[in-house]
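J.: Chains as they are written, first to last, in the numbering used here: chain W, 583 to 691; chain V, 2 to 118.
Heads up, the beta-carbon is just placed ideally off N, CA and C, and yes, glycines get one too.
(1) Using 8 angstroms as the Cβ pair cut-off and three pairs as the minimum, do the segment 55-69 of chain V and the segment 634-648 of chain W touch?
(2) If residue 685 (chain W) and residue 593 (chain W) are in contact, beta carbons under 8 angstroms, what's the gap, nearest whole angstrom?
(3) DSSP three-state call for residue 647 (chain W): helix, strand or coil?
(4) I'd like to know if residue 104 (chain V) contacts chain W, where contact means its C-beta is closer than 9 angstroms to some C-beta of that chain.
(5) If we call anything under 9 angstroms between Cβ atoms a contact, is residue 93 (chain V) one with residue 679 (chain W)?
(6) What number of angstroms, rounded off, separates the C-alpha of residue 691 (chain W) from the C-alpha of residue 54 (chain V)?
(7) With DSSP as the reference, please indicate the residues paired to residue 689 (chain W) in a beta bridge.
(8) Give, in chain order, every residue of the segment 56-72 of chain V whose Cβ lies closer than 7 angstroms to some Cβ of chain W.
As structure tokens, then:
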């Protein structure tokens with residue numbers, strides 16, 4: 583089946599720093615989502631981005647489907663950005679999501 | 002608009018007991034899904050449904066059954082709980098057929114934390 587790899591697995595930054603999270607996938611997809619799982623376990627939708635570039639405030643994402651990767655950019659990090667960031671790709675007609683292992687981001691004050 | 006809701010939020014079972022988790026969505030989505038998340042891992046698909054009255058197996062279906070009798074509800078059943086089913090269970094829904102909203106974006110419920118002793 584399709585493989586989804588995220589890097590880095592862990593990232594520790596000071597408040598105000600910028601970061602780039604990467605998601606590689608092993609096959610063609612027509613659905614890709616980025617999620618933030620906060621310390622309370624809630625999954626928050628960040629981007630639905632099968633291709634192209636989107637921005638939402640301090641966050642932006644780019645998916646290059648032909649090269650099978652996606653990037654999530656976080657600028658001017660805040661402590662509330664801490665948590666685990668998941669990339670997930672949708673497969674087949676029902677768009678079942680296959681998740682990566684996540685990147686754990688810790689923002690220190 | 003409540004989105005995706007799940008009941009209960011927490012549950013402790015003894016080995017061999019049964020229970021049903023309820024998922025409800027009010028977004029008129031066609032597709033619904035059940036995932037489980039184990040510590041330090043991403044989510045894995047248990048079962049899914051592409052419409053009322055339909056169900057299909059996902060990546061880790063053993064020990065679970067599902068039903069979708071109404072479009073807005075998706076039930077996950079554990080017939081005989083085992084300690085290996087201790088996990089956090091997430092329900093999701095997607096696929097709005099109404100333009101201009103046509104999208105496969107999945108929206109998740111808050112999760113159910115299940116412990117089997």
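T.: Well, looking at it:
(1) Pairwise C-beta distances place the segment 55-69 of chain V out of contact with the segment 634-648 of chain W, as fewer than three of them are shorter than 8 angstroms.
(2) Locating residue 685 (chain W) in the first chain gives position 103, where the first residue counts as 1. Locating residue 593 (chain W) in the first chain gives position 11, where the first residue counts as 1. Yes, residue 685 (chain W) and residue 593 (chain W) are in contact; Cβ-Cβ is about 6 angstroms, under 8 angstroms.
(3) As a position in the first chain, residue 647 (chain W) is number 65, starting the count at 1. Three-state DSSP puts residue 647 (chain W) in a helix.
(4) On the second chain, residue 104 (chain V) is found 103 positions in, with the first residue counted as 1. With 9 angstroms as the cut-off, residue 104 (chain V) counts as an interface residue toward chain W.
(5) To locate residue 93 (chain V), count along the second chain from 1; it is residue 92. To locate residue 679 (chain W), count along the first chain from 1; it is residue 97. With contacts defined by Cβ atoms closer than 9 angstroms, residue 93 (chain V) and residue 679 (chain W) form a contacting pair.
(6) Translated into the one-based positions of the first chain, residue 691 (chain W) becomes position 109. Translated into the one-based positions of the second chain, residue 54 (chain V) becomes position 53. When rounded, the separation of the alpha-carbon atoms in residue 691 (chain W) and residue 54 (chain V) is 51 angstroms.
(7) Walking along the first chain from the start, residue 689 (chain W) turns up at place 107. W:595.
(8) Close to chain W, meaning a Cβ-Cβ distance shorter than 7 angstroms, are the following residues of the segment 56-72 of chain V: 59.
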